[in-house]
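What the first sequence shows, in UniProt numbering, is residues 1 to 577, in sequence order. We treat Cβ as the ideally placed atom computed from N, Cα and C, and that holds for glycine.
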Amino acid sequence: MEAFQLLSRGGVQFNKNRFKKDVDLFNKSESKSKRPQTSGQGSELPATLDFFKYAQGVEGKRKNNAGGGRPGKKRKVAEAGDKAEVELEEDMKEDETQETSKSDIENDNNIPHQRHRVTTKGSNVPDFAETFEALRDRYQLSSNLLSNLSKNGYVYPTGIQSYGAPILLEGRDLVAISPTGTGKTVSYLLPTFASLRAPVTSAGSDAGLGVRAVVLAPTRELAHQIHNECLKLTQGRKWKIVLFSKATANALSDKAVRDKIDMIVTTPLRLVASLQSGSLSLSNVRHLIFDEADRMLDKEFFPQIEEIVAACTHSKIQKAVFSATLPANAEKIAMDMLQDPVRVVVGLKDTPLPLITQSLTYVADDGSKLPSLLTYFSQPYNPPVLIFTSTQPRASSLAEELVLSGISNVDCLHAGMSKKEREDAVSRMRKGESWVMVSTEVMARGMDFKGIQEVINYDFPTTVQSYIHRIGRTGRAGRSGKAVTFFTDTDGPYLKAIANVILQSGQSVPEWITNLPKPSKMKRKQMGKTKRPETVNAARKIGRNDAIKKREMIAGSKRRKIKELAHDKESRTIPQY
DNA sequence: TCGCTTT
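In structure tokens form, the structure reads like this:
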């Protein structure tokens, strides 16, 4: 713990220009809950890292500020002094006209959905619920659910919870888009348990035989985390919620076991394997939920998804998709799968949380990355830090290099590791034992490590979605966070798109980046073919001086004085994705 | 595009 303090340095950064109002509000009500290291109270650290203490007490209220009020695009007047608000209009042209917008920036209190712009679209959209109590009264939620919510520190519903839950509770299909760390999991678990009413084993249940709800997630770690959340919400009742694995799947061969299951949380392929072996029927499933929906609809997962959907033959099946990002093509696929869905968007679509301070760092070439990172670690930093690489070997060897360089408590996590190794790594992360976690895309989505101070994109993300999800591992539940992205000369094709995301979240990037021409498809293709180096060992051989020289050259020729661009209309372009 | 994820 002492070492934590040695490593730490005070101060969190906000983008105070753009989100002054949110920041003020944040500081006013939450000054007490700054990073423990900054106040030197190392003993508090485990609490902020502890997933299960998420959202308790003060933290719980903070969570409600998550996302800090994105300005309403249809309410240009809301903050008349702020030019950028008006210009956001431009980003919205694609939106359909019949949607309703309920925004609320005037009501400057702590009720969370009032910190977000929420737009809904669809026929007969159910009313949002301001509080969990309102939800309970309107839909007869059990007192058990309500008390479990408050026991776990959920005080007010977040935007997606107050809008999404009524839609699901009225049996409607749902497309939900809400930023990282804004409580999507609870927004579907709460209504699902409420709709199931009682465990299948309870007396007089007319639930029929077999599992009634399925939650799909793209990684084991995320499924595990969702399962934990299920357990929290169902404390004190005999719900049978199964985190699907080889072992639990094998147990299904016993029909008596099979028929007692209320809900399965699983990755798609695991479920498909059980379907194909005939050990499981989904004919009684009434709730099918896709977490990280755009990822689940990717080409690798989609055949499995189709098979699962086809196996859910119950006439009253409700389907819902959730993600922080949903590109148009994925949304189209989702919409085709759903019946008369309601679409809810919290915040500005595909825009990261404003409380994440984002920056781009030029590192010339791959060989300059490690020296740059070591320089970073030679200065005081706030752990834990999550580092993303593009491949498994690069994650392993970077972790090794950091250990060899004397960095403390370095961990590594990628899907090439054994199940146990992965579980141990996540567990160390949850306990706060990892200060530096080097990982691949496997950690990019959904994982909720509350304490993560900083995300470093050591390798450049290849899609905007990847970028948004990766940096969304920090700044969760209303906390602040920092995201640094290394870029090299070969990252050109993607650079501008990411820069646009940063601008969109109201932060600035060097002007020369925004002035880059949009690379042609041809060019992008060529650059995409450029081979990325296999390991950081190779990277190491390349001297650092070259990198510095090159950086200076670039600085001289291209880089101009960094200017506040967030309000500069010219630079406000719609991200290309 | 590629590698990432999923038994």
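Do residue i and residue j have their CB atoms nearer than 8 Å?
i           : j      : result
VAL342      : LEU174 : yes
residue 590 : ALA293 : No answer is possible for residue 590: the residues shown for the chain start at 1 and end at 577.
ALA213      : ASP262 : yes
ALA194      : PRO157 : no
MET417      : GLN225 : no
ILE160      : LYS184 : yes
GLN504      : THR325 : no
THR192      : ALA223 : no
THR391      : ALA415 : no
LYS450      : ARG476 : yes
PRO179      : LEU353 : yes
LYS238      : PRO268 : no
VAL438      : LEU374 : no
VAL345      : THR119 : yes
VAL211      : ILE264 : yes
VAL363      : THR219 : no
ILE407      : PHE377 : yes
SER123      : ASP336 : no
LYS240      : LYS255 : no
LEU282      : ALA311 : yes
GLU221      : ARG422 : yes
SER434      : PRO380 : no
SER323      : PHE486 : no
LEU135      : ALA165 : yes
Which residues does DSSP pair with residue i in a beta bridge?
i           : result
residue 603 : Given that the chain is displayed from residue 1 to residue 577, the structure contains no residue 603 and the question cannot be resolved.
residue 578 : No answer is possible for residue 578: it lies beyond the span of the chain, which begins at 1 and ends at 577.
HIS287      : ALA213 and GLN318
residue 620 : Examination of residue 620 is not possible in this model, given that the chain is present from 1 through 577 alone.
Return helix, strand or coil for residue i, following the three-state DSSP convention.
i      : result
ILE264 : strand
CYS412 : strand
THR180 : coil
MET417 : coil
ILE333 : helix
SER323 : strand
SER396 : helix
ALA223 : helix
VAL186 : helix
PHE244 : coil
MET437 : strand
HIS314 : coil
LEU280 : coil
LYS76  : Since pLDDT at LYS76 reaches only 27, below the 50 mark, its modelled position is unreliable, and the value read off the structure follows with that caveat. Of the three classes helix, strand and coil, the one that applies to LYS76 here is helix, per DSSP.
VAL200 : coil
LEU145 : helix
VAL175 : strand
ARG470 : helix
THR514 : helix
ASN382 : coil
ASN500 : helix
LYS431 : helix
GLY159 : helix
GLY478 : helix
THR490 : helix
Regarding residue i and the ligand SAH, is the C-beta to nearest heavy atom distance less than 7 Å?
i      : result
SER277 : You won't find the ligand SAH in this model; it holds no ligand whatsoever.
Tell me which residues share the same chain as residue i and place their Cβ nearer than 7 Å to its Cβ, disregarding the 5 neighbours each side in the sequence.
i      : result
ARG403 : The displayed chain sequence assigns Val, not Arg, to residue 403. Counting only Cβ-Cβ distances below 7 Å, and skipping sequence neighbours, we find VAL410.
LYS189 : In the sequence under discussion, the amino acid at residue 189 is Leu, which differs from the Lys named in the question. Closer than 7 Å at the Cβ level, and outside the excluded window around LEU189, lie GLU229, CYS230 and LEU233.
LYS246 : none
GLY208 : ASN284
To which residues of the same chain is residue i closer than 8 Å at the C-beta, ignoring the five residues directly before and after it?
i      : result
SER274 : PHE244, ALA249, LEU252 and LEU280
ASP489 : ALA364 and ASP365
ASN537 : Low per-residue confidence applies at ASN537: pLDDT is 36, beneath 50, and the placement is therefore not dependable, though the value from the model is reported in the following sentence. The answer, listed in chain order, is SER397 and GLU401.
Spatial neighbours of residue i within its chain, please: C-beta separation below 6 Å, excluding the five flanking residues on both sides.
i      : result
THR351 : GLN504 and SER505
VAL125 : VAL342
LEU149 : PHE132
LYS482 : THR357 and GLU454
ALA425 : ASP411 and LEU413
PHE301 : PRO268
LEU516 : LYS496
Quiz item: Is it true that the segment 470–479 meets the segment 450–461, where meeting means three or more beta-carbon pairs spaced less than 8 Å apart?
Solution: yes
Quiz item: Does the count of Cβ pairs from the segment 352–371 and the segment 164–171 closer than 8 Å reach three?
Solution: no
Quiz item: Do the segment 295–314 and the segment 129–140 make contact, defined as three or more Cβ pairs closer than 8 Å?
Solution: no
Self-check item: Three CB pairs or more closer than 8 Å across the segment 282–289 and the segment 313–322
Solution: yes
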